[in-house]
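Student: Please find one structure pasted underneath; my questions will follow.
Numbering (this note's numbering), first residue to last: 28 to 303.
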């Protein structure tokens with residue numbers, strides 16, 4: 028359990044300069060919109076415990092939303108033990124690892140678009156700039172912008188912050204469709220239907236769609252084909268001469284179904300880095 032908590036804190040603190048979440052010691056502070064108001068959710072981990080506090084609105088709706096947000100941050104969905112029993116070699120030393128979710132699916136979609144075709148450090152910088160530009164300040168943090176806040180941006184504001192023209196276009200288009208209700212991320216009940224809806228977005232290819240299915244919507248059998256870290260991990264795990272292409276990636280991961288999302292996170296973790 029302590030290893031899993033360490034993994035969670037490392038994951039949520041993977042950008043030490045983040046303006047929307049902070050990890051200090053064994054405490055995670057995350058800015059969020061709770062019951063329509065800016066708030067800070069604080070998770071303080073102790074031996075076998077986590078103390079949760081909310082700085083923001085009160086009332087039944089706020090408490091219910093804070094509870095759901097906490098479960099997502101804790102990656103509490105699903106039980107990893109069937110995967111660990113079926114694939115002990117890959118899980119060894121990382122028992123209890125789960126797939127962390129973003130606070131809401133839109134945040135995962137934004138991160139996936141920002142991460143397209145750039146290195147991780149630059150993607151972090153773009154995310155910080157976007158949150159400063161469109162997010163809502165709360166305490167010492169800034170809540171990740173909602174779709175309507177991003178949709179209201181001028182493309183020039185993004186271009187001035189080192190966004191490429193295409194990345195700005197894809198982001199604003201996605202935000203507009205989510206804000207207008209044309210793309211309802213929260214209502215997607217099947218991976219097949221959700222995948223088709225995401226792939227219909229301009230600039231959303233298989234990697235982006237699978238990433239959102241996995242980290243935004245919590246589907247358990249996703250493969251972000253084309254992910255550089257995943258192909259490197261597969262090459263090392265299976266001792267291949269070269270990195271696998273897309274068909275080979277799917278073939279190698281087929282035995283891990285229906286838990287390929289968790290297998291992907293274990294493979295990422297096997298590189299000794301922090302998953303994206």
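Beta carbons: idealized from backbone N, C-alpha and C, even for Gly.
Among 118, 34, 80, which residue has its Cα nearest to the Cα of residue 264?
Tutor: Against the chain shown, residue 264 aligns to sequence position 237. Ranking the options by Cα distance to residue 264, first place goes to 118.
Student: Do three or more CB pairs link the stretch 144-156 to the stretch 39-46 at distances below 8 Å?
Tutor: Cβ pair count under 8 Å is three or more, so yes.
Student: Just the Cα atoms here: how many angstroms apart are residue 298 and residue 180?
Tutor: Locating residue 298 in the chain shown gives position 271, counting from the first residue. Locating residue 180 in the chain shown gives position 153, counting from the first residue. C-alpha separation (whole angstroms): 37 Å.
Student: Tell me where the alpha helix (DSSP H) around residue 98 begins and ends.
Tutor: If you number the chain shown from 1, residue 98 lands on position 71. Note, residue 98: alpha helix (DSSP H), 87-100.
Student: What are the boundary residues of the beta strand (DSSP E) that includes residue 54?
Tutor: Locating residue 54 in the chain shown gives position 27, counting from the first residue. Its beta strand (DSSP E) spans residues 54-61.
Student: Mind checking who residue 73 pairs with in its DSSP beta bridge?
Tutor: Here residue 73 refers to the residue found at position 46 of the chain shown. Paired residue(s): 76.
Student: Indicate the three-state DSSP secondary structure (helix, strand or coil) for residue 82 in the structure shown.
Tutor: For this step, residue 82 is matched to residue 55 along the chain shown. Three-state result, residue 82: strand.
Student: In angstroms, rounded to a whole number, what distance separates the CA positions of residue 271 and residue 234?
Tutor: In the chain shown, residue 271 corresponds to position 244, counting from 1. In the chain shown, residue 234 corresponds to position 207, counting from 1. Between residue 271 and residue 234, the C-alpha separation is close to 15 Å.
Student: Ignoring anything shorter than 3 residues, give me the beta strand (DSSP E) runs that lie fully in the stretch 164-195, in order along the chain.
Tutor: Qualifying beta strand (DSSP E) stretches, in chain order: 168-170.
Student: Which residue wins for smallest C-alpha separation from residue 60, given the options 120, 122, 72, 162?
Tutor: Mapped onto the chain shown, residue 60 falls at position 33. Closest by alpha carbon: 162.
Student: Just to confirm before moving on: does the CB-CB distance between residue 68 and residue 96 stay below 9 Å?
Tutor: Your numbering for residue 68 matches position 41 in the chain shown. Your numbering for residue 96 matches position 69 in the chain shown. Closer than 9 Å, so yes.
Student: Let me make sure I understand the geometry here. Which of 227, 187, 156, 165 has the alpha-carbon closest to that of residue 64?
Tutor: Locating residue 64 in the chain shown gives position 37, where the first residue counts as 1. Comparing Cα-Cα distances from residue 64 to each of 227, 187, 156, 165, the minimum goes to 165.
Student: Considering Cα atoms alone, identify which of 77, 76, 287 is closest to residue 240.
Tutor: Here residue 240 corresponds to residue number 213 of the chain shown, with the count starting at 1. Per the Cα distances, 287.
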